[in-house]
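Numbered by the numbering used here, the letters in the sequence shown go through residues 1389 to 1794 in order. Glycine included, every Cβ here is placed at the ideal spot set by N, Cα and C. As structure tokens, the structure follows; a few thoughts come after it.
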Amino acid sequence: MTGREREALRLAVVGVGARSSIAQHAVDSGRGRVVAFVDPDPSAALRAERIFGHTLTGYSHQRELIEGGTPIDAAFVTSPDHTHAEIAIDLLRAGIPVYLEKPLATTLDGADEILATAAATRTPLYVGHNMRHMAVIRLMKEIIDRGEIGEVKAVWCRHFVGNGGDYYFKDWHADRTKTTGLLLQKGAHDIDIIHWLAGGYSTLVSGMGALSVYGGIRDRRENSGRLMPEWFSFENWPPTSQTGLNPVVDVEDISMMLMELDNGVLASYEQCHFTPDYWRNYTVIGTKGRLENFGDTDGGVVRVWNRRHEYSPHGDAEYPIRGDASGHDDADERTVNEFLDFLEHGTPTVTSPLASRNAVAAGIAATHSLRSGSVPIRIRPAGAATADPGTGGPSGRIPGSAADIR
Ligand SMILES: NC(=O)c1ccc[n+]([C@@H]2O[C@H](COP(=O)([O-])OP(=O)(O)OC[C@H]3O[C@@H](n4cnc5c(N)ncnc54)[C@H](O)[C@@H]3O)[C@@H](O)[C@H]2O)c1
């Protein structure tokens, strides 16, 4: 890649839907230009032109792109979850570096095959776990790495998915054949973060969940051809008044999982899709204190309690969250830049395909558990063939000093 370093990378986008605009960060950085797309939807060409501002060479299948003669330096895969494995494996086999959206795959076999293909073909694979670049997460990770709460022993995450009805129950997300379940589809983010903050991977999980609210709504419609945010509105409240849900709704709208990690840390993750507010609350408890975030974007804080006392609302230290004013835009930009640095210079990454695989493994196992009477399920470890293709592990630290990223 050295000879081409100064030229913009020729990029393809596979799946021109709501998330595909992530590739625009590569364009904005001046390091890439989107030259082609793949999408079976006939209206994707117009969408691609609208998003990327010019006409692109279009294909309806990734193999047409591979055989079509459009030279490509990398592909952003932003198609629905159940298509990730086949698409990523085809691209990697063709030697095309891949930025793959989370979750890595909807089955553990699929996830393992993607990693094995990346390793066997020595083709760069990057999984877009943008949460590792969110200001709130980096702040919590720094506090832990500085030793302010001692050795981590427990992580609890409550996830209030306030826009859940609009985001996850009006299209393919609601169909378990396309996602396995939302504990994987949405939870893969937080399971990965829990693993990262705890410095280990889940080995044993159990889950409990239900389709408590949206299953009872009979107003359904086929929304293919429309995309989020076309149906998004804060007026869609309360959740029981939602209309236009996907014809198939068979994923849980509330779920909880317990995790035992390989380093003895115990963790829990609770996800609810019918709360009025949208944010995540983490509590991390160590041998010398605990931390907790209040708000997860700019304006929020992380508080640390590391002296002994009765109820103390403000804690012993309080750190402001700076950045991500509008959700995870800043994190997306950092994530894409990390991918480009990895691609062009082999720079080590904060995200990790192996960690992504292990988040998928825990999410799938917990989903099986919650659908099987909450039985505990042991996680199949990654085999040697799925060795991490060149990036950081679960307890990797953020490169650079704390001051670099405040
Ligand atoms: N990291 C994040 O914060 C984040 C945020 C949103 C979405 N995502 C991920 O991005 C992916 C896409 O989600 P979305 O919300 O953009 O979905 P979407 O439904 O808006 O768009 C999906 C697009 O993929 C196309 N498509 C379907 N099958 C395809 C195939 N076989 N090959 C190529 N294209 C195909 C569809 O026609 C559509 O244009 C998902 O995996 C999701 O988990 C990640």
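task: Note the first and the last residue of the continuous beta strand (DSSP E) segment covering Y1514.
output: 1513-1516
- prompt: Given a threshold of 16 other Cβ atoms within 10 Å of its Cβ, counted over all protein chains shown, does K1529 qualify as buried or as exposed?
  reply: buried
- request: Buried or exposed for G1751, please, with buried defined as at least 16 other CB atoms from any protein chain shown within 10 angstroms of its CB.
  value: buried
message: Could you check whether the Cβ of N1551 sits closer than 6 Å to any heavy atom belonging to ligand 1?
response: no
- prompt: Under the rule that 16 or more other beta-carbon atoms within 10 Å means buried, what is R1722, buried or exposed?
  reply: buried
Entirely enclosed alpha helix (DSSP H) segments - the segment 1550-1625, minimum 4 residues: 1552-1556, 1564-1567, 1570-1573, 1575-1586
- prompt: Measuring CA to CA, which of L1728, D1554, S1744, H1702 is closest to S1621?
  reply: D1554
query: Does the beta-carbon of D1640 have 16 or more other beta-carbons within 10 angstroms, so that it is buried, or is it exposed?
result: Residue identity check: residue 1640 is Glu in the sequence provided, not Asp. Under this definition E1640 is a buried residue.
query: Ordered along the chain, which non-local residues of its own chain (more than five positions away) have a Cβ less than 7 Å from that of T1755?
result: T1568, G1569, L1571, L1572, G1595
query: Looking only at DSSP bridge pairs, what is G1677 linked to?
result: G1674
task: Decide if the segment 1521-1541 is in contact with the segment 1674-1687; the criterion is three or more beta carbon pairs, one per stretch, under 8 Å apart.
output: yes
message: Quick check: is any heavy atom of ligand 1 less than 6 Å from the C-beta of P1468?
response: yes
- prompt: Leaving out the 5 sequence neighbours to the left and right, which residues in its chain are closer than 6 Å to P1701 when beta-carbon positions are compared?
  reply: none
- request: Name the residue from T1511, N1611, D1533, L1679 whose alpha carbon lies nearest to the alpha carbon of K1558.
  value: N1611
message: Just to confirm, is the Cβ distance from L1527 to Y1707 under 7 Å?
response: yes
query: Which term fits W1625, buried or exposed, when burial requires 16 or more other beta carbons within 10 angstroms of its beta carbon?
result: exposed
- request: Please report the Cβ distance between L1453 and V1426, rounded to the nearest whole angstrom; I am assuming they are in contact, meaning their Cβ atoms lie under 8 Å.
  value: 5 Å
- request: Starting from V1402, trace the alpha helix (DSSP H) both ways and give me its first and last residue.
  value: Looking at the DSSP string, V1402 is not in any alpha helix (DSSP H); the run it does join, the beta strand (DSSP E), is 1397-1402.
task: With distances taken Cα to Cα, identify the nearest neighbour of E1474 among G1535, G1498, I1673.
output: G1498
message: Whole angstroms are fine: how far does the CA of T1675 sit from the CA of F1548?
response: 27 Å
message: So, under 8 Å CB-CB, A1433 and G1446 are touching, yes? Tell me the CB distance rounded to an integer number of Å.
response: 5 Å
- request: Going by CA-CA distance only, name the one from Y1487, R1481, N1669, D1563 that's closest to A1504.
  value: R1481
message: Let's test the definition: count the other Cβ atoms within 10 Å of the Cβ of S1417 and tell me whether it reaches 16, buried, or not, exposed.
response: exposed
task: Answer with buried or exposed for V1486, where buried requires no fewer than 16 other C-beta atoms within 10 angstroms of its C-beta.
output: buried
message: Quick check: the Cα distance between P1777 and E1698, rounded to an integer number of angstroms?
response: With a pLDDT of only 48 at P1777, under 50, the local geometry of the prediction cannot be trusted, and the value read off the model is given with reservation. The alpha-carbon atoms of P1777 and E1698 are separated by roughly 48 Å.
query: By how many angstroms is the C-alpha of D1429 removed from the C-alpha of G1456?
result: 18 Å
Alpha-carbon spacing of S1740 relative to A1655, whole angstroms: 20 Å
message: For L1592, which residues in the same chain have their Cβ closer than 8 Å to its Cβ, ignoring the five residues on either side in sequence?
response: M1647, E1648, P1764, I1765, R1766, I1767
- prompt: Would you say D1718 touches ligand 1, meaning its beta carbon is less than 6 Å from a heavy atom?
  reply: no
message: I'd like the list of long-range same chain contacts for P1782, defined as Cβ closer than 7 Å, with 5 residues on each side in sequence excluded.
response: Residue placement at P1782 is flagged as unreliable, the pLDDT there being 40, under the threshold of 50; the coordinate-derived value follows with that caveat. Cβ within range, chain order: H1583, W1584, G1587, G1588, Y1589, A1743.
- request: On the DSSP bridge assignment, give the partners of M1644 in chain order.
  value: M1596, E1658
task: Can you check DSSP and say which residues form a bridge with P1708?
output: V1689
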